[in-house]
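If you read the sequence shown in this note's numbering, its first letter stands for residue 51, the second for the next number, and so on.
Quick reminder that beta carbons are idealized off the backbone N, C-alpha and C, glycines included.
Quick caveat, the model's predicted, so the values are computed rather than measured.
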Amino acid sequence: MELLKPPLCRIDSIHSTQVKLENFQDFSIVKSTASDISTMLSADISLCNDCRDEMNDKSNRRYNYPFINCTNCGPRYTIIENLPYDRDKTSMKNFEMCSECIEEYADPSNRRYHAQPISCFKCGPKLSLISLDGKVQRDEKKAIKIICSLIKNAESVGIKGVGGFHIVCDATDEKAVRNLRLNKHRPTKPLAVMFKNISMIKKNCLLSKADEKLILSPERPIVVVSKKADSTLAKSIAPNIEKIGVFLPYTPLHELLLKELKRPIVATSANISDEPIIRDAEVLLKKMPLVVQNILTQDREILNACDDSVVLNVADEKIMIRMARGYAPQSFFVKEKIQKKILALGAHQKSTITLAFDNNIVVSPHIGDLSSIDAFEYFTRTLDTLKRVYQFEPDIIVCDKHPNYETTKWAKKYCLENKNILLLQVQHHYAHALACMAEYSLDEEVLAFCFDGTGYGDDNKLWGGEVFVASKYNYIRVYNFKEIPLLGGEKAVKEPKRVALSLLFECFTLDEIFQMDCAIFDLYSESEIRTLYRMFQRGINTPRTSSLGRLFDGVYALSGHLEDLGYEGESGFILESLSSFSKTTATYKYSLENGIIDYKPMICQILQEKDKAKIARKFISTIGKIIIEIANEYPNLPVVLSGGVFQNRVLVAQVTKELKKIDRKYYIQSKTPVNDGGVSLGQAYFAMNKKDS
Ligand code: ZN
Ligand code: ZN
Ligand code: FE
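And the structure:
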């Protein structure tokens, strides 16, 4: 049945009950009371077409109004202090509605009927431009003009968005982008670009129909698409990568700026490396004085910070890379009532929090890596918001098994102080598989490929290239990649050349190695190699990992990329990009024996190969072939693909195509992140299904 419903409404379930016919005299919407917490927190939604039309209409009283919104669009999660969602429980409570806004708010026939953030020039938030030297420009028109001229003059500036600040510069100006990178200490990680409209994106990028649909969707995520060779964007926006993250303006303020600028802008989250997005102008000026000296801000407080979401399409299926603005908090309706209140804390990188209670699972927006104090503060702030809003106190807390994750430490301490709370720990990669099972409410046993960076394994080693036969209750590890020794531990994660050396040590004798002609030996003297070899032999500071992410790093370095990584996952992105330059369908040799996926034959072959693109292509195809071969060993189980490696478009496209060909059912997350952002959901799903908990 096709239902006519408001644009932002989602129907979770329909119930019907027979009632006696009665004659009512009138109809009214009754004010919500604090006990009605049945409403879910909604995500912020981009400017709707009606509001856009109004802000472009000279005769409208909100012509060019930077905070226009209605019931179909505007901020939600980022301004909410508490539920039920009423103005006095949002950061709009400080703005008293003018008589015209009150009229619209109270009129059931108006699009702004009960739109909580309703406002206008008279009564709403105000823009201002603040500078590092203490100057403040309060004339809104002048503030916009000045900020635009700074951008045109190759400067980077701060701009307040819905969930935090962006650092913005001219995306067509190589010098501006390079300066931003230099000052932000962000050498290579790709920067997102905001375009005025879809046709401007099409001039610079190749879009599939699915890409276009996602870019235009009301969630307005950053969509990773292919860059055109003749694009006018600065090369340093995404060095060495053919892909680029693009998005459209999602607030009225962005629309105004791009109308004035007439050129695409870099719009990257204002933060220091992987720290949370900054939501306060003073903090931004204090933390990044070299990057921005001028900020366009406004006086509506951001109560809950929220980054931009990042998605990509593979064979027309959406893959979530970062779930945040527009999508999160993401709530799932579950048919069977959850008996206990469950709080799942996720992993350490790309952290998210999941709550499960009654018939709901709620996944928080992306929080980020929890390595800094600020990041952990953001984590506890998000947790406090969710607990307050849903009046939630956990009966069960679920965390990772890694003893050094901040979340594990926090969970253990919390449970020690609150003895009535049950603590559960779930293996990292099993949680990845469970996240996918949760998204699709899978009940049956599955064959789960959890290909990832590193996570703590049940044998106290680092896992990350795992194949499980898994159910909601438990799992068996049926395959894993042959372990790679990580020379220097954590250091090896940033230095792929160390992983390459480890692979050589693992596969050859020292004599054999010295006879090889390999670029990596230009970086080390013979005595250095001997020292590292002794380290490897004795296992000193050389933890072993079955991580496929690390194998990507090793192959990346063996194919001649010897520089250190600028950001997590860079090797995978570059190999993916390179692979598109080779058309070969060949693969490398490997062996599957006693539950071990042995890469040694492949390493031998890679050493003979010179063409980087060919190595990339053959390596990715080989991983795909391994998946299909193992899947064929378990013909009756549906396949689950989860973990950070499945952000690789080439791999996912190949594997899903092959799985379709053999008519195998498969699942890959679409609404929640396949990377560590999904771990909290998987952890919650485990606790929900745990018997007698
Ligand atoms: Zn609207
Ligand atoms: Zn007003
Ligand atoms: Fe992971």
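Asked                                                                                                                        : Found
beta-carbon Asn114 near ligand 1 non-hydrogen atom, thresh 7 Å                                                               : no
Supposed close pair Ile129, Thr121 - CB separation, criterion 8 Å                                                            : Going by Cβ atoms, the distance from Ile129 to Thr121 rounds to 15 Å, so no, they are not a contact pair.
Bridge partner(s) assigned by DSSP for Leu177                                                                                : Gln348
For His479: DSSP bridge partner residues                                                                                     : Beta-bridge pairing links His479 to no other residue.
Any beta strand (DSSP E) of 3 or more consecutive residues that is wholly inside the region 431-459                          : 446-450
Pairwise C-alpha distance: Asp358 and Arg714                                                                                 : 34 Å
Range of the contiguous beta strand (DSSP E) that encloses Cys500                                                            : Val496 to Tyr506
Cβ-based burial, Pro271 [other Cβ within 10 Å; buried from 16]                                                               : buried
Cβ-based burial, Tyr455 [other Cβ within 10 Å; buried from 16]                                                               : buried
Length of the line joining the Cα atoms of Glu310 and Arg350                                                                 : 23 Å
Endpoints, beta strand (DSSP E) assigned at Val729                                                                           : Premise fails: Val729 lies in the alpha helix (DSSP H), Val729 to Asn739, not in any beta strand (DSSP E).
Distance cut-off 7 Å: Cys101 Cβ against heavy atoms of ligand 1                                                              : yes
Those residues, in chain order, that have a beta-carbon closer than 7 Å to some heavy atom of ligand 3                       : Ala397, His478, His479, His482, Asp502, Gly503, Gly505, Gly693, Gly694, Asn725, Asp726 and Val729
Same chain only: Cβ atoms within 6 Å of Lys246, ignoring 5 sequence neighbours per side                                      : Leu308
Sequence-distant residues of its chain with Cβ nearer than 7 Å to Gly756 (five each side left out)                           : Past the boundaries of the shown model lies residue 756; the chain is included only from 51 to 743, so the question cannot be answered.
Check whether Ile646 and Tyr640 have beta carbons under 8 Å apart                                                            : no
Proximity test, Cβ basis, 8 Å: Leu512 and chain B                                                                            : The displayed structure is made up of one protein chain only, and chain B is not part of it.
Unbroken stretches of the beta strand (DSSP E), 3 residues or longer, contained in the region 371-399                        : 380-394
Straight-line Cα distance separating Met244 from Val360                                                                      : 13 Å
Integer Cβ distance of Gly396 from Val729, believed to fall under 8 Å                                                        : 5 Å
Touch test, the region 679-689 against the region 606-621, Cβ-Cβ under 8 Å, three pairs minimum                              : no
Beta carbon of Ala744 nearer than 8 Å to that of Pro415                                                                      : Outside the shown range of the chain, which is 51 to 743, sits residue 744, and nothing can be said about it.
Those runs of the beta strand (DSSP E) which lie wholly inside the region 238-321 and span at least 3 residues               : 272-277, 293-297 and 315-319
Near ligand 5: Met147 beta-carbon under 7 Å from a heavy atom                                                                : For ligand 5, the structure offers nothing, since it holds only ligand 1, ligand 2 and ligand 3.
Inter-residue Cα distance where the pair is Leu241 and Glu643                                                                : 42 Å
Close Cβ partners of Gln187 (< 7 Å) along its chain, the five nearest in sequence each way excluded                          : Ser178, Leu179, Ala193 and Ile196
Nearest-angstrom Cα separation, counted from Phe145 out to Pro175                                                            : 7 Å
Arg600 vs Val517 beta-carbon contact at 8 Å                                                                                  : no
Presumed contact (8 Å Cβ cut-off) between Gly503 and Ser597, rounded CB distance                                             : 6 Å
Boundaries (first-last residue) of the beta strand (DSSP E) holding Lys210                                                   : Val207 to Lys210
Assigned exposure category for Glu443 - 16 Cβ within 10 Å defines buried                                                     : exposed
Local conformation of Ile624 per DSSP, three classes                                                                         : helix
As assigned by DSSP and simplified to three states, the class of Ile760                                                      : Look at the range of the chain in this structure, 51 to 743, and you will see that residue 760 is not part of it.
Beta-carbon contacts of Cys148 that lie in its chain and below 8 Å, excluding the five residues immediately before and after : Cys170, Lys172 and Cys173
Selected residue, minimal CA-CA separation from Thr347, among Asn725, Val207, Ala288 and Lys234                              : Val207
Whole-angstrom C-beta distance between Phe429 and Ile328, which should lie under 8 Å                                         : The pair is not a contact, with the Cβ atoms about 15 Å apart (cut-off 8 Å).
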